[in-house]
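Below is one structure; the comments refer to it alone.
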Amino acid sequence: MNVEICSSVSSVKYLYKYIYKGHDKIAFNLSDNDDDHFIIDEIKQFQTARWISPPEAMWTIFAFTLNEMYPSVTTLQLHLPDKHIITFQENQDLQKIMSFDFYKTTMLTEFFKLNSIDDEAKSILYKHIPEHYTWDPSGKIWSKRKQQKVIGRIATANPSEGERYYLRLLLNHIKGPTSFTNLLTYQNVEHNSFRDAATARGLLDSDSNIYECLADAAIFKMPNAFRRLFAMLLVFCIPEKPLSLFNEYYNELSDDFKYMENFTEILEATIHSIDIFLQSMGKQIADYMIFSRVQFHKQTIEHFKEVKDELSIQPLKEELNLVLQLNLEQRNIYDTILNSIESKKGIAFFIDGPGGTGKTFLYRALLATIRNKKEIVLATATSGVAASILPGGRTAHSRFKIPLNINEATICNVSKQSATAELLRRAKLIIWDEATMAKKCCIESLHKTLQDIMECDAIFGGKTIILGGDFRQVLPVTPGESEDVSAIMLRTVYEIQKSQVNKFKRLF
């Protein structure tokens, strides 16, 4: 049983998504133990199925309530003229469907029709219609509500959507419209766009529409998405008082940074995150006189979540003693690698050794030593199993954002302003275990990415890096390919063949 403590109203946003995330799943397989020639095909063999635990089974058998929401919410359609979504069967004729009035009818068009025949409806905003009328989806008609409380919510629209966003703004302020044309008309002048109509009505003269947009978004958007929207509003809607806007929604903007130690750290991290979104749109935070980038940029780097997570990894006492247990060959490699780090030579090492020869033991000793100095070292592996053995380990694809569909021209999905980029800059050492399983394109993509981030043409951007593995155990897998396997192996990476790459052929 998973018990969640709702310590604040903001927890509801998370819980709502958690409740509706879907049922539990389990992976299973059936096999014949008597079959001596049974071939394991993990993809075809395993099936995903729903898993019902005993507590859930009991709860369902007794028909206890699984979830409840009161009052119920009706989502109101929002679309531009003749741009609504319709559903139809695959064997139906689309042109014929489009000629039927039934498919042209929506909640919004029927709202217009209702206003033309019902005087009471004329005094009600679109978002409040479900409180007084009920929608019949089969007949596509609004009728008087007799019982049960219901509230309405107009489908959300992002400012970047343009006309759809301004249509929503008009519907939130104008009562009794009878058509799209009626919404476009103000003081007997029909405007060419919903934005022009909103401007003529004075809805864009102040920041009120921006406040309304953020108030709606604060209900359901997670902090990172909320900051992206905030940056978008700064760029495209140009608020008169951006600082007031920031102060009003500071709690929502900074919600995922509240694990930090003090107010200054939270403030700086929040501003920096917004600044990253602004930079992607050709702007920066200083343009809006909220805060100067100089005031927070250097300090905020410390508070990237990824950087802080790595710095928080503390080696255990027994791990710190591993260096005392290294044999002569391991100690030689250990000292050579640390010397490369301390001298900032940026050497790339390839450690080759059969299973059981102490590669992982050496990695753990290096991880403990460097992390004990409050420095960052990234532990990765090609497979998830190997990564889980290393303290703080991650798969290489996850850590370096290596694309799944990769070729010789591909680089990692890491922008120079991102948290991952800062993590790579700060890393004193990068360990990639089971690198022999990876295609050469994966290694090369990291090499090119580090050169770009570090602004250095040296191998791997001048970073000290360890590539480890055993070609005896496994070769790279290329489904359906007939090419020579040597063309895709790590051995063919041109960096590994250079003299500057230090090759330790075996550990004993």
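For the sequence shown, counting from 1, position 147 maps to 147 in full-length UniProt numbering; every step adds exactly one.
Each residue gets a CB set at the ideal place from its N, CA and C atoms; glycine is no exception.
(message) Can you tell me where the beta strand (DSSP E) holding Y133 begins and where it ends?
(response) Position 133 of the sequence shown, counted from the start, is the residue given in the question as residue 133. Per DSSP, Y133 belongs to the beta strand (DSSP E) from Y133 to D136.
(request) May I ask you to verify whether the region 435-444 touches the region 379-392, counting CB pairs closer than 8 angstroms and requiring at least 3? (result) yes
(request) To the nearest angstrom, report how far apart G353 and K428 are at their CA atoms. (result) For this step, residue 353 is matched to residue 353 along the sequence shown. For this step, residue 428 is matched to residue 428 along the sequence shown. When rounded, the distance between both Cα atoms is 24 angstroms.
(message) Quick check on W59: does DSSP put it in helix, strand or coil?
(response) Walking along the sequence shown from the start, residue 59 turns up at place 59. Looking at W59 - three-state DSSP - the assignment turns out to be helix.
(message) For S254, which residues in the same chain have their Cβ closer than 6 angstroms to its Cβ, ignoring the five residues on either side in sequence?
(response) Mapped onto the sequence shown, residue 254 falls at position 254. So the qualifying residues of the chain are I266 and T270.
(message) I'd like the list of long-range same chain contacts for T80, defined as Cβ closer than 7 angstroms, with 5 residues on each side in sequence excluded.
(response) As a working mapping, residue 80 is identified with position 80 in the sequence shown. Strictly speaking, residue 80 in this sequence is Leu, with Thr absent from that position. Correct list, in chain order: E163, R164 and L167.
(request) Could you round the C-beta distance between Q284 and Q417 to whole angstroms and report it? I think they count as a contact, below 8 angstroms. (result) To locate residue 284, count along the sequence shown from 1; it is residue 284. To locate residue 417, count along the sequence shown from 1; it is residue 417. In fact, because the Cβ distance is near 11 angstroms, the residues do not count as touching under 8 angstroms.
(message) Can you tell me where the alpha helix (DSSP H) holding L362 begins and where it ends?
(response) Sequence index remark: in the sequence shown, residue 362 carries index 362 (1-based). That run of the alpha helix (DSSP H) goes K359 to N372.
(message) Checking 8 angstroms against the spacing of the C-beta atoms, do F226 and A218 come in under that value?
(response) Within the sequence shown, residue 226 is the residue found at index 226, counting from 1. Within the sequence shown, residue 218 is the residue found at index 218, counting from 1. Yes, the pair counts as a contact, with Cβ atoms nearer than the cut-off.
(request) Look up V189 in the DSSP assignment and say whether it is helix, strand or coil. (result) As a position in the sequence shown, residue 189 is number 189, starting the count at 1. Strand at V189.
(message) Need the endpoints of the beta strand (DSSP E) that I151 sits in, please.
(response) The count along the sequence shown starts at 1 and reaches residue 151 at position 151. Unbroken beta strand (DSSP E) run through I151: V150 to I154.
(message) Could you check whether the region 312-325 touches the region 360-373, counting it as contact only if at least three pairs of C-beta atoms, one from each stretch, sit closer than 8 angstroms?
(response) yes
(message) Classify residue 510: buried if its beta carbon has 16 or more other beta carbons within 10 angstroms, exposed otherwise.
(response) Since the first and last residues shown for the chain are 1 and 508, residue 510 lies out of range.
(message) Does the structure place the region 343-360 close enough to the region 466-473 that three or more beta carbon pairs sit under 8 angstroms?
(response) yes
(request) Verify whether the separation of the beta carbon atoms of I117 and P130 is less than 8 angstroms. (result) Counting from 1 along the sequence shown, the entry for residue 117 is found at position 117. Counting from 1 along the sequence shown, the entry for residue 130 is found at position 130. In this structure, P130 does not lie closer than 8 angstroms to I117 by Cβ.
(message) Using a Cβ-Cβ cutoff of less than 8 angstroms, which residues in the same chain neighbour A200 once the five nearest sequence positions on both sides are dropped?
(response) Locating residue 200 in the sequence shown gives position 200, where the first residue counts as 1. If we look at A200 and ignore the five residues flanking it on each side, its Cβ neighbours are Y186, Q187, V189 and H191.
(message) Determine whether the beta carbon atoms of R153 and V235 lie at a separation below 8 angstroms.
(response) Residue numbering aside, residue 153 sits at position 153 when the sequence shown is read from its first letter. Residue numbering aside, residue 235 sits at position 235 when the sequence shown is read from its first letter. Cβ distance not < 8 angstroms, so R153 and V235 don't count as in contact.
(request) Would you kindly report the start and end of the unbroken alpha helix (DSSP H) that includes D101? (result) The residue you call residue 101 lines up with position 101 of the sequence shown. That run of the alpha helix (DSSP H) goes D101 to K104.
(request) State yes or no: is the C-beta of L51 within less than 8 angstroms of the C-beta of K25? (result) The residue you call residue 51 lines up with position 51 of the sequence shown. The residue you call residue 25 lines up with position 25 of the sequence shown. It is worth fixing the name first, because residue 51 is Trp in this sequence and not Leu. Yes, the pair counts as a contact, with Cβ atoms nearer than the cut-off.
(request) Could I get the ranges of all uninterrupted alpha helix (DSSP H) runs contained in the UniProt domain "DNA helicase Pif1-like DEAD-box helicase" (325-483), with 4 residues as the minimum, in chain order? (result) 328-342, 359-372, 384-389, 396-400, 419-426 and 440-454
(message) With H, G and I counted as helix, E and B as strand and the rest as coil, what does DSSP make of L203?
(response) Residue numbering aside, residue 203 sits at position 203 when the sequence shown is read from its first letter. If DSSP states are grouped into helix, strand and coil, L203 belongs with coil.
(request) Just grab the DSSP bridge partners of K83 for me. (result) Along the sequence shown, one-based indexing puts residue 83 at 83. In DSSP, K83 forms no bridge with anything.
(message) Quick check: what's the CA-CA separation for L78 versus L423?
(response) Position 78 of the sequence shown holds residue 78. Position 423 of the sequence shown holds residue 423. Cα to Cα, the separation comes out at about 42 angstroms.
(request) Name the residue from F112, E68, Q92 and A155 whose alpha carbon lies nearest to the alpha carbon of T75. (result) Counted from its first residue, the sequence shown places residue 75 at position 75. Among F112, E68, Q92 and A155, the Cα nearest to that of T75 is on A155.
(request) Using only alpha-carbon positions, find the residue among K401, N405 and H397 that is nearest to V414. (result) Taking the sequence shown and counting its residues from 1, one reaches residue 414 at position 414. Taking only the C-alpha atoms, the option nearest V414 is K401.
(message) By the three-class DSSP mapping on this structure, what secondary structure does K13 have?
(response) Residue 13 sits at position 13 when you count from the first residue of the sequence shown. In this structure, K13 counts as helix in the three-state DSSP scheme.
(request) Using 10 angstroms around the beta-carbon of K83, count the other beta-carbons present and answer buried if the total reaches 16, otherwise exposed. (result) Translated into the one-based positions of the sequence shown, residue 83 becomes position 83. Exposed: under 16 other Cβ atoms inside 10 Å.
(message) Is it buried or exposed, K440, if we count other Cβ atoms within 10 angstroms and call 16 or more buried?
(response) Here residue 440 is taken as the residue at index 440 of the sequence shown, counted from 1. By the neighbour-count rule (16 or more Cβ atoms within 10 Å), K440 is buried.
(message) Within the continuous alpha helix (DSSP H) that includes E109, where are the two ends?
(response) Along the sequence shown, read from residue 1 onward, the residue named residue 109 stands at position 109. Here residue 109 is Thr; the residue named in the question, Glu, does not match the sequence. From DSSP, the alpha helix (DSSP H) with T109 extends over M107 to I117.
(request) Excluding the 5 residues preceding and the 5 following N182 in the sequence, name in chain order all residues of the same chain whose CB lies nearer than 8 angstroms to its CB. (result) Position 182 of the sequence shown, counted from the first residue, corresponds to residue 182. So the qualifying residues of the chain are F112.
(message) Pull the bridge partners of S143 from the DSSP assignment, please.
(response) In the sequence shown, residue 143 corresponds to position 143, counting from 1. Answer is T134.
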